[in-house]
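From first to last, the protein sequence lines stand for chains A and B. Anchor point for the first sequence: position 222 equals 221 in numbering that gives the first Met the number 0, and the numbering is continuous, going up by one each time. Anchor point for the second sequence: position 169 equals 168 in numbering that gives the first Met the number 0, and the numbering is continuous, going up by one each time. Virtual Cβ for every residue (Gly too), placed ideally from N, Cα, C. In this text the structure is predicted, and so the values were computed from the model without any measurement. Accompanying notes for the structure given below.
Protein chains: 2
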Amino acid sequence: MSPKPRATDVKDRLVEAAIRLLDESGPEALQARKLAAEVGVSTMAVYTHFGGMAALVDEVARAGFLRLSEWLAGVGETDDPVADIFSLARTYRQAVAEQPQLFAVAFGQSAPGGKRATLSDLTTAEGREAAQEGLEAFAHIVRATERAIRAGRFRPADEYQAAAQLWSALHGFVTLEASGHFGPGEQGIDHILLPLGITMAVGLGDTVDQARASAEAAKAAWRARTGNTGQGGND
Amino acid sequence: MSPKPRATDVKDRLVEAAIRLLDESGPEALQARKLAAEVGVSTMAVYTHFGGMAALVDEVARAGFLRLSEWLAGVGETDDPVADIFSLARTYRQAVAEQPQLFAVAFGQSAPGGKRATLSDLTTAEGREAAQEGLEAFAHIVRATERAIRAGRFRPADEYQAAAQLWSALHGFVTLEASGHFGPGEQGIDHILLPLGITMAVGLGDTVDQARASAEAAKAAWRARTGNTGQGGND
DNA sequence: ACGGTTTCTATAACTCGGTTATAGAACCAG
DNA sequence: CTGGTTCTATAACCGAGTTATAGAAACCGT
């Protein structure tokens, strides 16, 4: 029983196993013994590579934000920045809906050992890196907002401030939806998220008609990207 | 419940101690042994009265929502429903800012033993009651929204749907602010929350001028209530 | 290639915290 | 007073993070 695993791989494999088990079995699967057994090493690996479970969980959170950022980066830019914002919102929501456990950990809503209570008091280096990745995801919203302002769709304003408003609305919706409010499945999108997007766009200076058109354009683009109707999808 | 004052007293004192220690020492203070020692009983009290720590934590969450609901109820109603919404938002934010640990637990962002991961899978009766209290807090927003629609300030719309948008925006801001984004102190209010409120009001049908005036009215009312510049608070 | 150092790893023990088993004390009805 | 119910304290159990320690492997300067 002494197969020697590639030392450099163990760290990555622990994080991979953590993410996989997290979505399969929930946050209680994020245990040093379980992860070590899954990877085929002893629990000591957690300490030599991370220093403790807290840093490993932070690394999982960082991976989640990184995944979110990549997802948002995949949205791309069209000549309708407001439609792009709708697409970003849908993508953000979709990412969280597909891996709720992962993002519950990333957003600090699920802390197996009381670790990672709030993002504000970050102790580990991994935690700070995770926060950095979170800001990276935010940057996508800022860029789209800036384009909307430049295109005259939004009133002239500080793009960070306007984007922070959009981020708040989007993040609040996603958080509350993931908590079970707004009902199951996709119904929250049409009932709350889309109207919320139109409300925000109009409030930031867009016209109601243009905002609605952009929402429709984003919906069409979403159908094209996901390849189905977007209405019947269950998760 | 009622006929035995002494026995029930222990139950209440455990919850009180939990809330107090929570804000003093953070979520790691929510331990059966610590709470029992604080109250002066053995850890068995946790099990005879709650059945386990999970139910006790849910009870703390319920107390948090109850407190939030009372806070919001104290806002009252004026003849300017949009200003009332601004006041509700400020109060909601203030409650969370004053007892961040309590509401981190209530919102499920801090789970000492992996308990209370998401609000969606509620197992204990206390957890369901806590969710009920959360909806109670939401009801205040719904009522103010309905009045705003009736007063012609917001476009005719389903009040639940419109209120859910407002709740999303508000909750998102509060969550992100508590996570450390938007900077420390009160600066997030003027930079993000107030503009966000105006954006939402305008997007829901209000005019920019009226929304700004209501924001100012709410700010003035807030100063009157707290007796000062918007700093500090009471409870 | 060699010897020393550093890094990684497994085993096993330790600590802490939730939980349970059990027996005694307090309370209440009759 | 007696019997049953409820609460309580003591003590143990168990799971999970962590640490101590020693051996193995990789690395490196000479």
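Beta-carbon spacing of residue i, residue j below 9 Å
| i | j | result |
| --- | --- | --- |
| D57(A) | T144(A) | no |
| A273(A) | A129(A) | One cannot answer for residue 273(A) here, as it falls past the ends of chain A, which runs 0 to 234. |
| S213(B) | V95(B) | no |
| F49(B) | L13(B) | yes |
| V74(A) | H139(A) | yes |
| M199(A) | T206(B) | no |
| L29(A) | L55(A) | yes |
| L169(A) | Y91(A) | yes |
| A156(B) | L203(B) | yes |
| A216(A) | D8(A) | no |
| E158(B) | R61(B) | no |
| F137(A) | A105(A) | no |
| L134(A) | I84(A) | no |
| A16(A) | V38(A) | yes |
| P26(B) | Q100(B) | yes |
| G63(B) | I18(B) | yes |
| G107(A) | Q108(B) | yes |
| A36(B) | V45(B) | no |
| E76(A) | R146(A) | yes |
| W221(A) | R127(A) | no |
| E132(B) | L65(B) | yes |
Minimum Cβ-Cβ distance from residue i to chain A less than 9 Å
| i | result |
| --- | --- |
| H139(B) | no |
| A116(B) | The predicted position of A116(B) is uncertain, since its pLDDT is 48 and thus under 50; a value taken from the coordinates is nonetheless stated next. For A116(B), the answer is yes, since a Cβ of chain A falls inside 9 Å of its Cβ. |
| T198(B) | yes |
| A235(B) | The first residue shown for chain B is 0 and the last is 234, placing residue 235(B) beyond what the model contains. |
| A130(B) | yes |
Interface residues of chain A facing residue i [CB-CB closer than 7 Å]
| i | result |
| --- | --- |
| P194(B) | Q160, Q164 |
| F181(B) | A163 |
Any chain B beta carbon closer than 9 Å to residue i
| i | result |
| --- | --- |
| Q98(A) | no |
| A136(A) | no |
| K218(A) | no |
| I84(A) | no |
| V201(A) | yes |
| S24(A) | no |
| G51(A) | no |
| S119(A) | Bear in mind that the predicted position of S119(A) carries a pLDDT of just 49, short of 50, making it too unreliable to give a figure here. |
| G73(A) | no |
| A223(A) | no |
| V9(A) | no |
Partners in chain B for residue i, counting only beta-carbon separations shorter than 7 Å
| i | result |
| --- | --- |
| T174(A) | H170, G171, T174 |
Listed by chain order, chain B residues near residue i by CB distance under 8 Å
| i | result |
| --- | --- |
| I191(A) | Q160, A163, Q164, S167 |
Partner residues on chain A for residue i, Cβ-Cβ distance less than 9 Å
| i | result |
| --- | --- |
| T90(B) | The premise fails here: T90(B) is roughly 17 Å from chain A at the closest Cβ pair, so nothing lies under 9 Å. |
Do the segment 181-196 of chain A and the segment 186-197 of chain B meet, that is, are 3 or more Cβ pairs less than 8 Å apart?
Cβ pair count under 8 Å is below three, so no.
Three or more C-beta pairs below 8 Å linking the segment 63-70 of chain B and the segment 166-176 of chain B
no
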